[in-house]
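Chains as they are written, first to last, in this note's numbering: chain S, 1470 to 1782; chain B, 9 to 517.
For reference, the structure discussed in these notes is given below.
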């Protein structure tokens, strides 16, 4: 047995153990921490499967962003309430049954693969060169299935508006309260001064490199969002009021530019969301860069939660 | 793998399909940046524009007798995404666009923002979400790709859930959270199934899928997961638990759009899945099981509705029952003795039921909202005299009720008539009993409400607020539409068959 397979087996065992403890631990806080760890381990598993794009997304969104949102939810609900609620047996049985069904479905497919697994990967690689992109995932997201990507960004905006809609009427247009995450203390403030310069460069790099190698707007945007949140939570900068025009503008800039370029494709490249020959790469990079900003702002505001204080005049 | 791949090409006027999806998206983005004060004005321009686009697409498909197709980005499936408008899509698009526009007219009274000096919460959220629902529905009707349809489902979910708790009371927040959990469960199951199908056939395009699909365990597992997920989103019995509190607690305009429009989106996907993507794969036993769920929904939903003390809850439970009728089309279309004739009839009946329920239920929720606004409550036992105070509103409620019961010449009558005809033609008398019993139960609770409202008031009636005329007109307009829908039998009903493949051969089973 090679070292690699020993590592893989240990990794799988660890993932299963952490997954089980996510369900079994007593407090909601511990479960969320376990869930974040689970996401990170899962991303290592994706790296082992050579799916680096998926690994990056899992680490950024699955472990990081979702973990943060869940932490916020635990902190917002009074902790004793969350932990005292015990789920009844019918619900547990139903959940267990559904999970079993999903696992059975997956097992059937994984254990009985068709003789030749159909895949579009060769076709994607064949059609990639005209776009100038080197990363097939970026090719699928921004060339072949651009409509899905565009509309997914609108979904993020709707989710944000949904979170905002939970605000009391008097606080509408005001600033989100972020105290649920932490109280500013010296180590946190030090970290918030130290990390962002590195993090911002890293986020921009991830977006830029996404055209050629694994990376992209969503991963880069998540890193930028994390840096911004860190600065706000540490109290170095105030959270913006949600009625600010620049905030709203940044939120829609990415989808708006994407849509505009898509519509321009009608005139210059004879189809909606087609790119004129030779201009594909610069256009896509421009869209990705703006999307990174929009996603960063949207994710940070999602984590910041609904406005709590009315805007000071 | 069968090599019967016929490459589609963008048809003339295919660009209209893009317009139907892009218009609402532009509205959402503009509303974000221009702010809540302009959201209503933007919706006021874009929703009617969307209706006009839907009508043009309808006319092109009806007259041409051919589906409209648009290849997004010029990339043919399986690599790219295709938008397709067939008979089912155009009929649903026009119907939903009318309903959404009239709901917009009705909502002006509660979410009007033209006169406000600053942006306020509820109007911005409402108008953005209404445009999002209109765009998501168009995408569901036009999407020719299973993953694009997933994105549409997500759009629809995230637009619908905030509408439930728009007025921020604790119980509506609970209802919204429960709705969100059910809906996300549905999304995940649909997504897992889609991934399994892609793994088996290497395509997400519905037409390519239908040519490649084989009866094998992975496909069945995928289809089961997707169908279960969509059942949860459509609130089919016994996954309906989220619906009554969510639909009854929302503001009237939101209840109308949730009950009339949103649940029809996931239902349409079930139809697309079994009739188009996986034709002929639904076994007789499975279709009977779906029928049993539908029948249970009709009986249980109606009985529970009968016992309700509050009007909005009664209407919400009646939605649970009416959703049950939609699922009766499966055992009738996929019967043991398949013939193209019954197949088409059952499909037509299901679509007619979808559209007539949409118009009737929107009208009834609007009427209930007006009664609530006027009286400050909606307790059925204390509604005496309201018919005299708000005659037009009660007339709308009554007409909607006639459509739910299925009296001629309403759309509900035609739908149930076609269903009954199919039960006789396919020798499945047991469904006929359910349809008739459901009609009787429905007429019982409609009668109870109508007789109360026409009776004398318990105490002198005090009206808290004057009801604007245009709100009553919007409700009555929808109710009249539901009545007149029965007349489509004379004309455009054959549009539903445009672009439909032949009924599946029994050999596949």
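Just so you know, even glycine gets a beta-carbon here, dropped at the ideal spot from N, CA and C.
All figures in this text were calculated on a predicted structure; none of them were measured in a lab.
Report yes or no: is there a C-beta of chain S within less than 7 Å of the C-beta of residue i?
| i | result |
| --- | --- |
| residue 31 (chain B) | no |
| residue 210 (chain B) | yes |
| residue 49 (chain B) | no |
| residue 83 (chain B) | yes |
| residue 416 (chain B) | no |
| residue 88 (chain B) | yes |
| residue 276 (chain B) | no |
| residue 114 (chain B) | no |
| residue 484 (chain B) | no |
| residue 391 (chain B) | no |
| residue 340 (chain B) | no |
| residue 463 (chain B) | no |
| residue 204 (chain B) | yes |
Counting only beta-carbon atoms, is residue i nearer than 7 Å to chain B?
| i | result |
| --- | --- |
| residue 1520 (chain S) | no |
| residue 1592 (chain S) | yes |
| residue 1634 (chain S) | yes |
| residue 1574 (chain S) | yes |
Please name the residue in the options whose C-alpha comes closest to that of residue i.
| i | options | result |
| --- | --- | --- |
| residue 1643 (chain S) | S:1693, S:1716, S:1577 | S:1716 |
| residue 1522 (chain S) | S:1713, S:1688, S:1589 | S:1688 |
| residue 25 (chain B) | B:151, B:332, B:296, B:492 | B:151 |
| residue 570 (chain B) | B:461, B:23, B:236, B:161 | Past the boundaries of the shown model lies residue 570 (chain B); chain B is included only from 9 to 517, so the question cannot be answered. |
| residue 232 (chain B) | B:200, B:86, B:216, B:362 | B:200 |
| residue 88 (chain B) | S:1740, S:1746, S:1692 | S:1740 |
| residue 340 (chain B) | B:22, B:367, B:303, B:189 | B:303 |
| residue 241 (chain B) | B:264, B:261, B:189, B:257 | B:189 |
| residue 22 (chain B) | B:73, B:40, B:67, B:79 | B:79 |
| residue 59 (chain B) | B:443, B:28, B:438 | B:28 |
| residue 118 (chain B) | B:478, B:272, B:56 | B:478 |
| residue 1605 (chain S) | S:1617, S:1711, S:1591 | S:1591 |
| residue 395 (chain B) | B:493, B:480, B:326, B:325 | B:480 |
| residue 484 (chain B) | B:266, B:400, B:435 | B:400 |
With a CB to CB cut of under 7 Å and the five nearest residues on each side skipped, what residues in its chain are close to residue i?
| i | result |
| --- | --- |
| residue 1632 (chain S) | 1771, 1774, 1775 |
| residue 517 (chain B) | At residue 517 (chain B) the pLDDT is 35, less than 50, meaning the model places this residue with poor confidence and gives no usable figure here. |
| residue 175 (chain B) | 259 |
| residue 35 (chain B) | 50, 51, 54, 139 |
| residue 1501 (chain S) | 1536, 1539, 1540, 1543 |
| residue 1768 (chain S) | 1534, 1690, 1691, 1694 |
| residue 411 (chain B) | 364, 368, 418, 419, 420, 490, 491 |
| residue 376 (chain B) | 260, 319, 320, 323, 386 |
| residue 238 (chain B) | 194, 198, 274, 277, 278 |
| residue 464 (chain B) | 392, 393 |
| residue 1759 (chain S) | 1722, 1723, 1726 |
I want to verify the contact list: residues of chain B whose CB lies under 8 Å from the CB of residue i, in sequence order.
| i | result |
| --- | --- |
| residue 1504 (chain S) | The contacting residues do not exist; residue 1504 (chain S) stays about 16 Å from chain B at best. |
So which residues on chain S does residue i lean against when the C-beta distance must stay under 8 Å?
| i | result |
| --- | --- |
| residue 80 (chain B) | 1615, 1616, 1740, 1741, 1742 |
Excluding the 5 residues preceding and the 5 following residue i in the sequence, name in chain order all residues of the same chain whose CB lies nearer than 8 Å to its CB.
| i | result |
| --- | --- |
| residue 413 (chain B) | 420, 447, 450, 451, 454 |
| residue 276 (chain B) | 96, 100, 148, 149, 362 |
| residue 473 (chain B) | 381, 382 |
| residue 1734 (chain S) | 1740, 1741, 1742, 1743, 1744, 1745 |
Residues of chain S with CB under 7 Å from residue i, in chain order?
| i | result |
| --- | --- |
| residue 156 (chain B) | 1616, 1617 |
| residue 239 (chain B) | Correct list: empty, because the minimum Cβ distance to chain S is about 12 Å. |
| residue 162 (chain B) | 1624 |
| residue 40 (chain B) | 1626, 1717, 1720, 1721 |
| residue 166 (chain B) | 1624, 1627, 1628, 1631 |
What does residue i touch in chain B if you count any residue whose Cβ is under 9 Å from its own?
| i | result |
| --- | --- |
| residue 1778 (chain S) | The premise fails here: residue 1778 (chain S) is roughly 15 Å from chain B at the closest Cβ pair, so nothing lies under 9 Å. |
In chain B, what lies closer than 7 Å to residue i by C-beta?
| i | result |
| --- | --- |
| residue 1712 (chain S) | 127 |
| residue 1577 (chain S) | 225, 226, 229 |
If the cut is a Cβ gap below 9 Å, which residues of chain S does residue i touch?
| i | result |
| --- | --- |
| residue 136 (chain B) | 1626, 1627, 1630 |
Excluding the five sequence neighbours on either side, which residues of its own chain have a C-beta within less than 6 Å of the C-beta of residue i, listed in chain order?
| i | result |
| --- | --- |
| residue 12 (chain B) | Residue confidence for residue 12 (chain B) is low, a pLDDT of 44 falling below 50, so the modelled location carries little weight; the figure read from the coordinates is stated next. Here the set comprises 219. |
Mind pulling the chain C residues with CB within less than 9 Å of residue i?
| i | result |
| --- | --- |
| residue 1496 (chain S) | No chain C is present in this structure, whose protein chains are S and B. |
Confirm the yes/no value for this check: CB of residue i, any heavy atom of the ligand MN, distance under 6 Å.
| i | result |
| --- | --- |
| residue 1560 (chain S) | Summarising the ligand content, the structure contains no ligands, and the ligand MN is consequently not present. |
So within the stretch 413–500 of chain B, which uninterrupted alpha helix (DSSP H) runs reach at least 4 residues, ignoring any that extend past its ends?
419–433, 437–462, 477–492
What alpha helix (DSSP H) runs, 4 residues minimum, are completely inside the stretch 215–246 of chain B?
225–242
Along the chain, which unbroken stretches of the alpha helix (DSSP H) at least 4 residues long are found entirely within the stretch 1653–1683 of chain S?
1655–1678
Quick one: which unbroken alpha helix (DSSP H) runs of 4-plus residues sit fully inside the stretch 153–222 of chain B? Chain order, please.
154–172, 178–209, 214–220
Runs of alpha helix (DSSP H) wholly within the stretch 1679–1718 of chain S (minimum 4 residues, chain order):
For the alpha helix (DSSP H) assignment, the uninterrupted runs of no fewer than 4 residues enclosed by the stretch 1679–1718 of chain S are, from N- to C-terminal side, 1686–1702.
What residue ranges within the stretch 9–82 of chain B form continuous beta strand (DSSP E) runs of no fewer than 3 residues, ordered along the chain?
76–79
Fully enclosed by the stretch 1545–1603 of chain S, which alpha helix (DSSP H) runs are 4 residues long or longer?
1548–1553, 1558–1580, 1590–1596
Please specify which runs of the alpha helix (DSSP H), each continuous and at least 4 residues long, are wholly inside the stretch 1730–1774 of chain S, giving them in chain order.
1749–1773
Where in the stretch 321–362 of chain B do unbroken runs of the beta strand (DSSP E), each at least 3 residues long, occur, reported from the N-terminal end onward?
none
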